[in-house]
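Chemist: I'd like to ask some things about the structure below.
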Amino acid sequence: MRLPLAWTLVAAAALAAAPTAPATGAPARCPRLTGSWQGDNRAHLQQVIDDHGTCAGPDRRPRPVAAFDWDNTVTKNDVTDATLSWALRHDALLRPARWKDTSAWLTDAADRALTEACGTGVRAPLPTSTRPRCTDEILEIRENATTMSGHPAFAGTWNHRRTVPQYAWIPQLFAGRTPAELSAYARAARREALAAPVGATRVLGTHTVPAYVRYYDQMRDLIRTLRRAGITVYIVSAGAEPITEVWSRGVGIDAAHTVAIRSVLDRHGRLTTRTEGCGGLPATRGEAIPYIDGKRCWINQEVYGIHGAAAWQRRPRTRRPVLAAGDADTDVTFVGDATAAHLVVNRNKPELMCRAYEDADGRWLVNPMFIDPLPRRTDPYPCSTSAYTAPAGTHGPLRHPDGSVLPDLFDAG
Numbered sequence: 003m004r005l006p007l008a009w010t011l012v013a014a015a016a017l018a019a020a021p022t023a024p025a026t027g028a029p030a031r032c033p034r035l036t037g038s039w040q041g042d043n044r045a046h047l048q049q050v051i052d053d054h055g056t057c058a059g060p061d062r063r064p065r066p067v068a069a070f071d072w073d074n075t076v077t078k079n080d081v082t083d084a085t086l087s088w089a090l091r092h093d094a095l096l097r098p099a100r101w102k103d104t105s106a107w108l109t110d111a112a113d114r115a116l117t118e119a120c121g122t123g124v125r126a127p128l129p130t131s132t133r134p135r136c137t138d139e140i141l142e143i144r145e146n147a148t149t150m151s152g153h154p155a156f157a158g159t160w161n162h163r164r165t166v167p168q169y170a171w172i173p174q175l176f177a178g179r180t181p182a183e184l185s186a187y188a189r190a191a192r193r194e195a196l197a198a199p200v201g202a203t204r205v206l207g208t209h210t211v212p213a214y215v216r217y218y219d220q221m222r223d224l225i226r227t228l229r230r231a232g233i234t235v236y237i238v239s240a241g242a243e244p245i246t247e248v249w250s251r252g253v254g255i256d257a258a259h260t261v262a263i264r265s266v267l268d269r270h271g272r273l274t275t276r277t278e279g280c281g282g283l284p285a286t287r288g289e290a291i292p293y294i295d296g297k298r299c300w301i302n303q304e305v306y307g308i309h310g311a312a313a314w315q316r317r318p319r320t321r322r323p324v325l326a327a328g329d330a331d332t333d334v335t336f337v338g339d340a341t342a343a344h345l346v347v348n349r350n351k352p353e354l355m356c357r358a359y360e361d362a363d364g365r366w367l368v369n370p371m372f373i374d375p376l377p378r379r380t381d382p383y384p385c386s387t388s389a390y391t392a393p394a395g396t397h398g399p400l401r402h403p404d405g406s407v408l409p410d411l412f413d414a415g
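Quick note: our numbering has the sequence shown finishing at residue 415, numbered continuously throughout.
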């Protein structure tokens with residue numbers, strides 16, 4: 003039956019006024035991502051939100067989890083390095099009685115270099131602001147694990163998929179300070195780094211280091227949208243926890259949902275060179291930090307309450323994040339554990355990028371850095387030869403679950 007013209011016009015007006023349903027078919031009440039993403043990455047991330055958030059059912063239990071690395075994933079540039087830079091310019095480190103005490107793996111060569119450049123003694127402030135040689139030695143060890151003369155700074159045995167000495171060394175350098183003091187240094191560094199123009203650098207000793215940090219707007223929006231959709235967000239970082247907590251608050255993540263290197267405190271509440279353990283390991287001098295497989299362990303332990311050796315293993319799908327995001331080989335294990343999307347910020351790190359471009363489950367999303375992205379890599383990633391770091395520190399090929407070797411893969415840009 004043909005409707006009267008007046009009825010047709012009324013119906014058309016009503017349809018025009020009605021809100022347009024999202025293309026995904028999710029209810030209009032679902033929170034929506036904004037901002038510019040590579041290709042169809044935003045649509046894929048939105049689908050994860052629609053499928054796993056409260057839009058898919060308000061009574062979902064347990065609540066789904068998303069996990070993010072911090073440095074160069076949520077921010078451009080490293081916030082622990084920004085805090086170290088501020089500390090070196092403000093004499094915030096304390097002089098150790100022996101530099102060997104700062105790390106279980108510090109070599110004799112590094113001990114000599116630091117002693118000559120920085121001195122030793124009582125825990126008085128280390129005058130790094132007026133001792134450029136001292137600043138140089140500390141930064142060279144942090145950046146390259148060598149002394150300024152090129153000698154290895156660390157030696158010995160450690161599991162290279164659970165820790166790296168120069169990462170563990172940064173919170174160890176702040177031994178003798180309280181978490182509140184380290185947080186105060188991080189807040190001062192944050193104010194300074196956010197105020198500096200994009201691209202700014204500074205010279206410390208003979209090292210040129212970034213002087214700015216920025217939150218990525220897209221990542222901030224993604225975290226906000228996930229939380230609005232009822233997905234619990236965690237930060238998991240290989241930085242010092244009091245520092246990471248200062249920055250994570252800027253995207254609405256509290257200390258309870260921020261996991262990073264946790265220093266053991268002495269009886270006076272001061273940081274020590276020991277760090278809390280994971281996966282059945284006791285407190286050590288840095289043997290189990292959130293690094294490569296260590297990130298999986300800390301997520302399993304702190305998010306899902308899985309303790310002992312089981313925390314090192316991939317858990318069933320219901321006990322893994324639906325979304326995980328990272329930018330480096332340090333993130334490859336936990337990002338690969340995600341069940342719905344593996345988000346990668348491309349910094350040309352070979353193990354992570356080989357897994358991303360292999361795209362074994364069709365759920366890997368690669369996005370250039372949102373600020374100052376790298377040019378497309380012209381050489382293939384060495385997936386078939388050296389992309390994998392073994393626990394002993396040797397490098398070899400990456401393999402499929404059946405043992406076959408991944409071929410070398412090119413950067414898709």
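All C-beta atoms, glycine included, are put in the ideal place defined by N, C-alpha and C.
In chain order, what residues of the same chain have a beta carbon less than 8 Å from the beta carbon of arginine 375, not counting five sequence neighbours either side?
Modeler: Here the sequence assigns proline to residue 375, which means arginine is not the residue at that position. If we look at proline 375 and ignore the five residues flanking it on each side, its Cβ neighbours are Asn348.
Chemist: For glycine 398, which residues in the same chain have their Cβ closer than 8 Å to its Cβ, ignoring the five residues on either side in sequence?
Modeler: Counting only Cβ-Cβ distances below 8 Å, and skipping sequence neighbours, we find Thr387, Ser388, Tyr390 and Ala392.
Chemist: Please report how far the alpha carbon of leucine 95 lies from the alpha carbon of leucine 86, in whole angstroms.
Modeler: One C-alpha to the other measures close to 9 Å.
Chemist: By the three-class DSSP mapping on this structure, what secondary structure does phenylalanine 412 have?
Modeler: Reduced to three states, the DSSP call for phenylalanine 412 is coil.
Chemist: Could you compute how far the alpha carbon of serine 250 sits from the alpha carbon of leucine 224?
Modeler: Serine 250 and leucine 224: Cα-Cα distance of roughly 14 Å.
Chemist: Just to confirm the assignment, what range does the alpha helix (DSSP H) spanning glycine 338 have?
Modeler: Element bounds for glycine 338: 334-339.
Chemist: Does any C-beta atom of chain B lie closer than 8 Å to the C-beta of tryptophan 171?
Modeler: No chain B is part of this structure, which consists of one protein chain only.
Chemist: Pick out the complete alpha helix (DSSP H) segments inside the region 84-166, 4 residues or longer, and give them in chain order.
Modeler: Whole alpha helix (DSSP H) segments, 4+ residues: 110-120 and 134-146.
Chemist: Need the endpoints of the alpha helix (DSSP H) that histidine 54 sits in, please.
Modeler: Taken as a continuous stretch (DSSP letters only), the alpha helix (DSSP H) holding histidine 54 covers 43-54.
Chemist: Which residue wins for smallest C-alpha separation from leucine 47, given the options Leu400, Gly405, Arg379 and Asn369?
Modeler: Ranking Leu400, Gly405, Arg379 and Asn369 by Cα distance to leucine 47 puts Asn369 first.
Chemist: Which residues in the same chain have their Cβ closer than 6 Å to the Cβ of arginine 135, if we skip the five residues on either side of it in sequence?
Modeler: The answer, listed in chain order, is Ala119.
Chemist: Taking the alpha-carbon positions, what's the tryptophan 72 to methionine 150 distance?
Modeler: About 29 Å.
Chemist: Return the CA-CA distance between arginine 179 and arginine 317, expressed in angstroms with no decimal places.
Modeler: C-alpha separation (whole angstroms): 37 Å.
Chemist: Do alanine 342 and arginine 365 have their C-beta atoms closer together than 8 Å?
Modeler: Cβ distance < 8 Å, so alanine 342 and arginine 365 count as in contact.
Chemist: In the DSSP assignment, what residue or residues form a beta bridge with proline 370?
Modeler: According to DSSP, which records beta bridges pairwise, proline 370 is partnered with Asn348.
Chemist: Would you mind stating whether alanine 69 and valine 253 have Cβ atoms separated by less than 8 Å?
Modeler: Cβ atoms of alanine 69 and valine 253: not closer than 8 Å.
Chemist: CB valine 76 to CB tyrosine 236, shorter than 8 Å?
Modeler: For valine 76 and tyrosine 236, no; Cβs fall outside 8 Å.
Chemist: Within 10 angstroms of its Cβ, does phenylalanine 156 collect 16 or more other Cβ (buried), or is it exposed?
Modeler: The residue in question, phenylalanine 156, is buried, as its Cβ has 16 or more Cβ neighbours within 10 Å.
Chemist: If we count the other Cβ atoms within 10 Å of its Cβ and call it buried at 16 or more, is glutamate 145 buried or exposed?
Modeler: Exposed, since its Cβ has fewer than 16 Cβ neighbours within 10 Å.
Chemist: Give the secondary structure of aspartate 73 by DSSP, where H, G and I count as helix, E and B as strand, and everything else as coil.
Modeler: The answer is strand: DSSP assigns aspartate 73 an E or B state.
Chemist: Determine the direct distance from the alpha carbon of threonine 332 to that of glycine 338, and round the result to whole angstroms.
Modeler: C-alpha separation (whole angstroms): 12 Å.
Chemist: With burial defined as no fewer than 16 other Cβ atoms inside 10 Å of the residue's Cβ, what is the status of alanine 197: buried or exposed?
Modeler: Per the 10 Å Cβ criterion, exposed.
Chemist: Taking only runs of the alpha helix (DSSP H) that begin and end inside the region 185-267, which ones reach a length of at least 4 residues, in chain order?
Modeler: Whole alpha helix (DSSP H) segments, 4+ residues: 219-230 and 243-250.
Chemist: Return the Cβ separation of leucine 175 and threonine 104 in integer angstroms, given the expectation that the two are a contact with Cβ distance under 8 Å.
Modeler: Contact flag correct, Cβ pair sits at about 6 Å.
Chemist: Fully enclosed by the region 263-338, which beta strand (DSSP E) runs are 3 residues long or longer?
Modeler: Counting only runs of 3 or more, we get 265-267, 273-277 and 325-328.
Chemist: Secondary structure at threonine 82, three-state DSSP: helix, strand or coil?
Modeler: In the structure shown, threonine 82 sits in a helix (DSSP, three-state: H, G or I).
Chemist: Can you find the residues in the same chain that come closer than 6 Å, C-beta to C-beta, to tyrosine 359, ignoring five residues on each side of it along the sequence?
Modeler: Cβ within range, chain order: Leu411.
Chemist: Express the C-alpha separation of histidine 54 and isoleucine 233 in angstroms, rounding to a whole number.
Modeler: The alpha-carbon atoms of isoleucine 233 and histidine 54 are separated by roughly 8 Å.
Chemist: Report the three-state DSSP secondary structure of alanine 68 (helix, strand or coil).
Modeler: Alanine 68 falls in the strand class under three-state DSSP.
Chemist: Go ahead and label arginine 319 buried or exposed: buried means 16 or more other beta carbons lie within 10 angstroms of its beta carbon, across all protein chains shown.
Modeler: It counts as exposed.
Chemist: Skipping 5 residues on each side, what residues in its chain have a beta carbon closer than 7 Å to that of cysteine 280?
Modeler: Excluding residues within five positions, the ones whose Cβ falls inside 7 Å are Ala290, Gly296, Cys299, Trp300, Gln303 and Ala313.
Chemist: Under the DSSP definition of a beta bridge, which residues are partnered with alanine 343?
Modeler: Answer is Leu325, bridged to alanine 343.
Chemist: Could you compute how far the alpha carbon of proline 66 sits from the alpha carbon of isoleucine 373?
Modeler: Approximately 29 Å between the Cα atoms of the pair.
Chemist: Which residues share a DSSP beta bridge with threonine 391?
Modeler: Answer by DSSP bridge pairing, in chain order: His397.
Chemist: Using only CA atoms, which one of Val266, Asp80 and Glu353 lies nearest to isoleucine 245?
Modeler: For the residues Val266, Asp80 and Glu353, the minimum Cα distance to isoleucine 245 belongs to Asp80.
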